[in-house]
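Residue numbers for the sequence shown follow the working numbering, so the first one is 2 and each next one is one higher.
Every residue gets a Cβ at the ideal spot worked out from N, C-alpha and C, and that includes glycine.
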Amino acid sequence: MVENMKKKPPEKKQSSPKNIYKDARLSMLIFCSIVILILLFYCFASLFTSIGYETFRKARDVDEKITAVINNNYEPLTIIIDPGHGGEDPGAVANGFKEKELNLAIASKLQELLSISGYNVVMTRSTDILLYKEGEEKRKKYYDLHNRLKIIESYENCIYVGILMNKFPVEKYNGLQTFYSQVNSLSKDLALCVQESSKLLLPDNNRKIKPDNNKIFLLEHASAPAILVECGFLSNQREAQMLANKAYQEKLA
C-alpha cells in the first residue's frame with residue numbers, strides 16, 4: 002500500500018517593507034477615491050438645486066487638487082487643527098457668542114470626522130485654555146502663538162488648519178473665507194479645496210481665498226501647508242445663530 006503523504010502547510014511569507022508601503026499607498030488611494038465619489042455624488046445632486054453646474058465643475062477640479070495634496074508626500078500625513086483663542090482670550094464676542102467656544106466646537110467635530118477617516122489628527126487645544134506655561138503669564142498671547150507654532154513645526158509631514166470666526170462693525174457682512182500661507186506653495190491649493198467645497202453647504206457665498214500677506218503670524222511662519230478658515234461673521238446675527246447650531250457645525254466640519 003502506498004502511504005498517504007501529508008502535505009506541509011504552506012509557509013507564510015512575511016511582508017517586506019516594500020509590500021507594506023504598497024498596501025498603505027493602496028489604502029490611501031482607496032480612501033481618496035471614496036471621498037471623491039462622495040463629493041461627486043453631492044456635486045451631481047447640486048445640478049438639480051440652486052448650486053448649479055458651475056459649482057459642480059469647480060468641485061470636480063477641487064477633487065483633483067485634494068488628491069494631489071494628500072499624495073504629495075510618502076510619509077504619513079498629520080493634520081493639525083488649531084481652534085483659535087481660548088482661556089482668557091475669548092476672541093470675537095457678538096450676539097451673545099464667544100468665538101473661542103465656537104472655534105473649539107467646530108474643530109472638535111472636524112477632528113472626530115478626520116480620525117474616523119483614518120487620519121492622524123492633532124489638536125493644539127482640546128479645552129478652554131491659552132497655550133502658555135508658568136512664567137509666561139506677562140506675555141500670554143505672544144507665547145500662545147509661539148507655542149502653537151512649535152506644535153506645527155514638530156511634525157515633518159503635516160498640514161495646518163486654523164479655525165476662527167470673523168467680526169465686522171457692519172452687520173450685513175457674512176460668509177466663510179479661507180486664508181493661506183505664502184511660505185508653502187501647497188497652501189493655496191489646500192485653501193482652494195476648502196473654499197470651493199464649502200459652496201456645497203453655502204452656495205451663495207462668493208468670498209474668495211486670500212493670501213495672508215504676512216499679517217497672520219502662524220501662516221507667516223509655518224513651513225508646512227497652512228490655511229486659516231474664518232467660518233463666518235459673529236457680527237451677523239443670522240450667521241452667528243447658524244454657527245452656534247450643532248447640526249450646522251457638523252455639516253461645516
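- Taking the C-beta atoms as reference points, I152 is found nearer than 9 Å to I81.
- Short of 6 Å from the beta carbon of A192, and not among the five residues preceding or following it, lie these beta carbons of its own chain, in chain order: T179, Y181, I210 and I228.
- Residues of the same chain with a CB within less than 8 Å of the CB of S188, apart from the 5 flanking positions on each side, are Y181, S182, L220, P226, A227 and I228 in chain order.
- Here the C-alpha atom of G87 lies approximately 31 Å from the C-alpha atom of P204.
- Note on R140: under 16 other CB atoms within 10 angstroms of its CB, so exposed under the neighbour-count rule.
- Residues of the same chain with a CB within less than 7 Å of the CB of F218, apart from the 5 flanking positions on each side, are L146 in chain order.
- Comparing alpha-carbon positions, the option among G97, Y120 and S116 lying closest to F234 turns out to be G97.
- Secondary structure of A106 (DSSP, three-state): helix.
- Counting only runs of 4 or more residues that sit fully inside the segment 109-175, the alpha helix (DSSP H) segments are 141-154, in chain order.
- Under the DSSP assignment, V195 falls in the alpha helix (DSSP H) whose first and last residues are L187 to S198.
- Check the Cα spacing between N185 and each of F169, N158, V171 and P170: the tightest is with N158.
- For A108 and D83, the gap between their C-alpha atoms comes out near 7 Å.
- The three-state secondary structure of E251, taken from DSSP, is helix.
- Around the beta carbon of K134, fewer than 16 other beta carbons lie within 10 angstroms, which makes this residue exposed.
- Annotated three-state conformation of E240 is helix, per DSSP.
- If you look at E231, you'll find it in the beta strand (DSSP E) that goes A227 to F234.
- Note that the C-beta distance between E89 and G176 is not below 9 Å.
- A distance of 9 Å or more separates the beta carbons of K173 and N214.
- In the DSSP assignment, E89 falls outside any alpha helix (DSSP H) and carries neither an H nor an E.
- Nearest neighbour of E154 by Cα position, chosen from E138, L114, T125 and L131, turns out to be T125.
- DSSP places K99 within a strand segment (E or B) once states are collapsed to three.
- Shown here for P170: same chain residues with a beta carbon closer than 8 Å to its own, the five before and five after excluded, namely S236 in chain order.
- A buried status is given to G92, since no fewer than 16 other beta-carbon atoms sit within 10 Å of its beta-carbon.
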